[in-house]
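Peer 1:
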Amino acid sequence: MIETTDLTKAYGARRGIVDVSCRVADGEVFGFLGPNGSGKTTTIRTLLGLLRPTAGRATIFGLDCWRDAPAVHRRLAYLGSEPGFLGELTSGAQLTYLARLRRLEGDAWRRLAERLELDPRTQVRRLSRGNRQKIGVVAAFMGHEPLLVMDEPTTGLDPLMQREFLALIAEARSEGRTIFLSSHNLTEVERTCDRVGILREGRLVEVSTVAALLGEHWRSINLVLESPAPPRTFELPNVEVVALTGREAHLMVRGDINPLLQRIAGLTVRDIAIATPDVEDLFLRYYREPGTPDTGRTAPLAGAAAPTGEGVR
Amino acid sequence: MVIWIACIAVAYGATIAIFWPIMRDNSALLTQYMAVFPKGFLAAFGMEGSLADPGVFFATYVGSWLWPVLSAVAAVVLATRPVAVDLERGFLELALSTPFSRLRYLLTAVGVQAVAMAALAFVTVFGFTAAATVAGAPYDMARMLLVAVLAWAFGCAIAGVTSLLSVITLSRGVTAGIVTAVLLAMYLADIVSKMQPDLAGLDYLSAMHYFRAIPIVDEGTVPLAETSLFAVVAAAGWGLAVLLFRRRDLAA
């Protein structure tokens, strides 16, 4: 359904996205994961035909995203992270307007607005950020387009609404609709997506099923020691140090766990927890600063993604 | 906003218009007073004769400054809204992620600009004319209709160029700044050209040169060339704006 081939977008000298190639199948929920500045929004805007690719190609339903944008848009619904609405309209009038632009019935939004407890009589400019985002959620789900494209869709939603949003995603998925969503909310991706693409500094560094990313090959180990571990304690070929702060260590182990256990046996351990890693662990691993040895600290996410400040949204 | 501009135009125009009898009764005194100003300076602001003259009266109080300023404000409000403003507030990407094409989107906006500018021009001209007529000024409605058409074309020319600037800069602030600077430069060119005979050629660079109401009101001259010129500028501005809008990146 969605296919990008070496998709590249540069803003003059600034990096946008570089050689992004991926394919999203019909009925799939695909997550685009990355911190701010990694190129998620650029990718989505290119898919929507708002940005013209510098190189490469993006197609949806086999149609070119730039050249055939209106035809592509007939079959998709979009939700941005901070959608801007016409502040002078009521939320109901705004949704009716959007419904008409999408060639839907004018009141297509009503049932969903009731479900999300959105007051259609309030002027948009008087709504909180969360309620404005609710308008976006209602707008995205009010039709039955086969593709939903969402850019950080839960931004501003309270936890209850986030749960409702996840339910809407599940319903859309059960109807066989395809969903392409970007996020830096790892839990959201973990709960909703079949596959995940991880963007780093504009490049797609990994595409995998969530199950494989979280799979049996990797284990997460949290250690609390009596005293800080001597240097190089955890330097093993199959061990990555996610975080090492004083007496606490967060490690990722691939494959055989025994070499690490032998090292740990020489230390006084106060607590140990071994678990299959969540997406966050994997995410941190991808975003560790380039060149940082595995013996140390965890890189800050945003800084790792755009160390020179050249990142884009 | 455009409705507010129309209200200002009518209120100001009507208020000024009812003073016409005072201008008529004190024409000699006013002419004597105005004599202290350089002729070219007065001409640049439409005062090319007695203020009791209907054409001069209209040109001085509406044609030479009220309409150019109001139409420029309206043009900035109307022409930056669909592109720069909607992009800045994040609505544009929602609207353009629907089956509504870029072409239809901007052509609709151009249509709205043309209609709104027509309404504003007619309200401004006929608001003034109606009040002046009630006050006893001898305005010919057919001639004022020609003035309104010219004013509409003038406003459309500004709107067309403003639309193009809005698509180029994607910023209401920058667009408004450029439009204001160009309008002031045109005023300046108009004034300088009238005060310095050796710089008379500058006059042709100013839109004010082509927006002269006096010959229409006083002599019934049909401003075909001027209206056509403004229409061509408007069409070129809008046309280029549409072409560029279809091809450029749209991201805040």
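Chain order of the listed sequences is V and F. So this note's numbering is basically just the index in the first sequence, starting at one, shifted up by 28. So this note's numbering is basically just the index in the second sequence, starting at one, shifted up by 48. Built from N, CA and C at the ideal position, the CB exists for glycine as well.
Who are V/Glu268's beta bridge partners in DSSP?
Peer 2: Partner(s): V/Met280.
Peer 1: Could you tell me which chain F residues have their CB closer than 9 Å to the CB of V/His101, listed as they occur along the chain?
Peer 2: Within 9 Å Cβ-Cβ: Leu144, Ser145, Thr146, Pro147, Phe148, Ser149.
Peer 1: Run through DSSP, which three-state label would V/Leu105 get?
Peer 2: Per the sequence shown, the amino acid found at residue 105 of chain V is Ala instead of Leu. Of the three classes helix, strand and coil, the one that applies to V/Ala105 here is strand, per DSSP.
Peer 1: For the candidate residues V/Ala41, V/Glu145, V/Pro258, V/Tyr125, whose alpha-carbon lies nearest to that of V/Lys162?
Peer 2: Cα-wise, what sits closest to V/Lys162 is V/Glu145.
Peer 1: At least one CB of chain F closer than 7 Å to the CB of V/Glu116: is that the case?
Peer 2: Closer than 7 Å: no.
Peer 1: Does the separation of the CB atoms of F/Met49 and F/Val125 fall below 7 Å?
Peer 2: For F/Met49 and F/Val125, yes; Cβs fall inside 7 Å.
Peer 1: Just verifying my parser: in three-state terms, what is the DSSP assignment at V/Glu142?
Peer 2: Three-state result, V/Glu142: helix.
Peer 1: Use the C-beta contact count for V/Thr139: other C-beta atoms within 10 angstroms, 16 or more gives buried, fewer gives exposed.
Peer 2: Correcting the residue identity first, residue 139 of chain V is Arg in this sequence and not Thr. It is exposed - the Cβ of V/Arg139 has fewer than 16 other Cβ atoms within 10 Å.
Peer 1: Scan the stretch 168–185 of chain V for residues whose Cβ lies nearer than 7 Å to a Cβ of chain F and list them as they occur along the chain.
Peer 2: Of all residues in the stretch 168–185 of chain V, none has a Cβ within less than 7 Å of some Cβ in chain F.
Peer 1: Check whether chain F comes within 7 Å of V/Glu110, counting only Cβ atoms and requiring the distance to be less than that.
Peer 2: Answer yes: the Cβ-Cβ gap between V/Glu110 and chain F drops below 7 Å somewhere.
Peer 1: For V/His278, which option in V/Ile249, V/Val100, V/Ala41 has the closest C-alpha, if you only look at C-alpha atoms?
Peer 2: V/His278 has its Cα closest to that of V/Ile249, out of V/Ile249, V/Val100, V/Ala41.
Peer 1: Strictly below 7 Å CB to CB, what residues from chain V border F/Leu298?
Peer 2: Those within 7 Å of F/Leu298 in chain V are Leu78.
Peer 1: Which same chain residues end up closer than 8 Å to F/Leu212 when comparing Cβ atoms and leaving out the 5 residues on each side of it in sequence?
Peer 2: Hits under 8 Å: Gly285, Trp286, Leu288, Ala289, Leu292.
Peer 1: Under a Cβ-count criterion, where at least 16 other Cβ atoms within 10 Å of its own Cβ denotes burial, should F/Tyr81 be classed as buried or exposed?
Peer 2: Result: exposed.
Peer 1: Give the interface partners of V/Leu61 over in chain F, defined as CB-CB distance under 7 Å, in chain order.
Peer 2: Neighbours of V/Leu61 on chain F: none; closest Cβ ~21 Å, over 7 Å.
Peer 1: Does any CB atom of chain V fall closer than 7 Å to the CB of F/Glu141?
Peer 2: Yes, its Cβ sits closer than 7 Å to a Cβ of chain V.
Peer 1: Quick one: what does DSSP say F/Ser145 is sitting in, helix, strand or coil?
Peer 2: Of the three classes helix, strand and coil, the one that applies to F/Ser145 here is coil, per DSSP.
Peer 1: Whose C-beta lies closer than 7 Å to the C-beta of V/Phe113 among residues of the same chain, with five residues either side of it excluded?
Peer 2: Excluding residues within five positions, the ones whose Cβ falls inside 7 Å are Gln122, Val152, Arg160, Ile163.
Peer 1: Return helix, strand or coil for V/Ala94, following the three-state DSSP convention.
Peer 2: First, the amino acid is wrong: residue 94 of chain V is Trp here, not Ala. DSSP places V/Trp94 in coil when its eight states are reduced to three.
Peer 1: Confirm, please, whether the CB-CB distance from F/Ala57 to F/Gly154 is below 7 Å.
Peer 2: According to the sequence provided, residue 154 of chain F is Leu. The question's Gly does not apply to it. Not closer than 7 Å, so no.
Peer 1: Inspect the beta-carbon positions of V/Ser236 and V/Phe60 and report whether they are closer than 7 Å.
Peer 2: No, the pair does not count as a contact, with Cβ atoms beyond the cut-off.
Peer 1: Per DSSP, what kind of secondary structure is V/Thr320 in: helix, strand or coil?
Peer 2: Low confidence applies here, because V/Thr320 scores a pLDDT of 49, under 50, leaving its location unreliable; read the following figure in that light. Of the three classes helix, strand and coil, the one that applies to V/Thr320 here is coil, per DSSP.
Peer 1: Check the Cβ-Cβ distances between F/Arg191 and every residue of chain V, and say whether any is below 7 Å.
Peer 2: Output row for F/Arg191: interface = no.
Peer 1: Is it the case that the Cβ atoms of V/Gly230 and V/Val46 are separated by a distance below 7 Å?
Peer 2: Their beta carbons are under 7 Å apart, which means V/Gly230 touches V/Val46 by this criterion.
Peer 1: Against chain F, does V/Pro98 count as a neighbour if the rule is that its beta carbon must be under 7 Å from one of theirs?
Peer 2: Output row for V/Pro98: interface = yes.
Peer 1: I'd like the list of long-range same chain contacts for V/Cys221, defined as Cβ closer than 7 Å, with 5 residues on each side in sequence excluded.
Peer 2: Excluding residues within five positions, the ones whose Cβ falls inside 7 Å are Val57, Phe58, Gly59, Val238.
Peer 1: So, with DSSP's three-state summary, where would you put V/Thr33?
Peer 2: DSSP places V/Thr33 in strand when its eight states are reduced to three.
Peer 1: Drop a sphere of 10 angstroms on the beta-carbon of F/Leu151, count the other beta-carbons inside from all chains shown, and report buried for 16 or more, exposed for fewer.
Peer 2: The residue is exposed, with fewer than 16 neighbouring Cβ atoms inside 10 Å.
Peer 1: Since I believe F/Trp200 is in contact with F/Ala164 (beta carbons under 8 Å), could you give me their beta-carbon distance rounded to a whole number of angstroms?
Peer 2: Between F/Trp200 and F/Ala164 the Cβ distance is about 10 Å, and since that is not below 8 Å, they are no contact.
Peer 1: Cutting at 6 Å between CB atoms, please list the residues of its own chain near V/Gly84, excluding the five before and the five after it.
Peer 2: Thr33, Asp34, Leu35, Thr36, listed in sequence order.
Peer 1: Within 10 Å of its beta-carbon, does V/Arg223 have 16 or more other beta-carbons around it, so buried, or fewer, so exposed?
Peer 2: Label assigned to V/Arg223: buried.
Peer 1: Between F/Val227, F/Arg294, F/Phe106, F/Ala143, which has its C-alpha nearest F/Ala205's C-alpha?
Peer 2: Among F/Val227, F/Arg294, F/Phe106, F/Ala143, the Cα nearest to that of F/Ala205 is on F/Val227.
Peer 1: Where does F/Val117 fall in DSSP's three states?
Peer 2: Reduced to three states, the DSSP call for F/Val117 is helix.
Peer 1: Is there at least one Cβ from chain V nearer than 7 Å to F/Arg129's Cβ?
Peer 2: No, no contact with chain V.
Peer 1: What separation, rounded to the nearest whole angstrom, lies between the Cα atoms of V/Met170 and F/Val230?
Peer 2: For V/Met170 and F/Val230, the distance between alpha carbons rounds to 46 Å.
Peer 1: Counting only C-beta atoms, is F/Gly138 closer than 7 Å to chain V at any point?
Peer 2: For F/Gly138, the answer is yes, since a Cβ of chain V falls inside 7 Å of its Cβ.
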